[in-house]
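Reading the sequence shown from the start, the letters are residues 1247 to 1503 in this note's numbering.
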Amino acid sequence: MEGSNPAAGPRAVSSKLPAAVPTFWIIKIAATTLGETGGDTLSMTLALGYATSSAIFFLLFAVLVTLQIRARTFHPGLYWATIVATTLVGTTMADFADRSLGIGYAGGVCLLFALVLAVLAAWRIVTGAIAVDDITDARSEAFYWAAILASNTLGTALGDLVSDGLGLGFTGGALFFACVLLALLFVYRFTGMSRSVLFWCAFVMTRPLGATLGDLLTKPVAHGGFNLSRPASSALIAMFIVMCIITLPQRSGRHSN
1247 MEGSNPAAGP RAVSSKLPAA VPTFWIIKIA ATTLGETGGD TLSMTLALGY
1297 ATSSAIFFLL FAVLVTLQIR ARTFHPGLYW ATIVATTLVG TTMADFADRS
1347 LGIGYAGGVC LLFALVLAVL AAWRIVTGAI AVDDITDARS EAFYWAAILA
1397 SNTLGTALGD LVSDGLGLGF TGGALFFACV LLALLFVYRF TGMSRSVLFW
1447 CAFVMTRPLG ATLGDLLTKP VAHGGFNLSR PASSALIAMF IVMCIITLPQ
1497 RSGRHSN
């Protein structure tokens, strides 16, 4: 209404989380690829095993997510470091579930899918929403990071199921998940489907895309990979992510309070 006091109306509040624009998804896919190569570096190349590697990466995640939740504004470096930590621990935790627990790829996917649904359901029940563009309080952000950790772990298991369990190979798996993401983009552009549901679907599916790309880089040629060094691949991907954070435009999400 004309003449009304702006201070009395809705106030735009900056989120500490980035807007889900193309830059976000570029860095997200790179971060998931780093999670695969970095996780395998610790668990396989350095032979620490899945359980020990998971414990180390979870400690790293706990430190970073605490700093992220306590931060007052959006810090791209801190945010993406926390995302990378979730992909690292997601890689080793999924491998531990699939292989060390002996439940196989399908069993791991079912278990982790149930975990993702449980986290999202708890988030919705406690806060009343799961909209990622409406997170400015610590409680909602804690649920957000729990959902991200569960989603990245599920994505790792899903990538292994498609590439190894279903026999598509790493190249075939990467193409499969790229097609799924294109289908989600089509649904986003041309339908009214819930944006929150589409976000979490895309978030889960970028993880197996990154996982299969990481395996494609580092697995032996006999297994369909390029047999590149895991540590070297991890370092190059990390440099790419840093360059993206520095050079590509990013902004925090906004909502009305």
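For every residue, glycine included, the Cβ atom is placed at its ideal position computed from N, Cα and C.
Since residue i sits in a beta bridge, which residues does DSSP pair it with?
i: P1264; result: S1498
Between residue i and residue j, which are expected to be in contact by the criterion C-beta below 8 Å, what is the C-beta distance as a whole number of angstroms?
i: G1405; j: A1457; result: 4 Å
i: G1336; j: G1401; result: 7 Å
i: S1299; j: T1269; result: The pair is not a contact, with the Cβ atoms about 30 Å apart (cut-off 8 Å).
i: L1263; j: Y1351; result: L1263 to Y1351, Cβ: 31 Å. No contact.
i: A1331; j: L1361; result: Actually they are not in contact, since the Cβ atoms of A1331 and L1361 sit about 18 Å apart, beyond 8 Å.
For residue i versus residue j, is the C-beta spacing smaller than 8 Å?
i: G1415; j: G1353; result: no
i: S1442; j: A1265; result: no
i: I1329; j: K1274; result: yes
i: T1278; j: T1312; result: no
i: L1395; j: F1307; result: yes
i: L1280; j: I1487; result: yes
i: V1355; j: L1407; result: yes
i: T1283; j: R1435; result: no
i: A1393; j: A1340; result: no
i: I1491; j: G1323; result: yes
i: F1342; j: A1297; result: yes
i: L1459; j: S1479; result: no
i: T1417; j: S1261; result: no
i: A1420; j: L1474; result: no
i: W1446; j: S1386; result: no
i: I1483; j: A1327; result: no
i: S1409; j: D1461; result: yes
For the 8 Å Cβ check, are there 3 or more pairs between the segment 1300-1317 and the segment 1360-1368? Between the segment 1300-1317 and the segment 1360-1368, the count of Cβ pairs shorter than 8 Å is below three; the stretches do not touch.
Okay, do the segment 1423-1434 and the segment 1451-1467 touch, 3+ Cβ pairs below 8 Å being the bar? At 8 Å Cβ cutoff, the stretches touch.
Length at least 4, wholly inside the segment 1360-1447: the alpha helix (DSSP H) runs in chain order: Positions of the alpha helix (DSSP H) runs, each at least 4 residues long and wholly inside the segment 1360-1447, are given as 1384-1406, 1415-1436 in order along the chain.
What are the complete beta strand (DSSP E) segments, minimum 3 residues, inside the segment 1452-1495? The segment 1452-1495 contains no whole beta strand (DSSP E) run of 3 or more residues.
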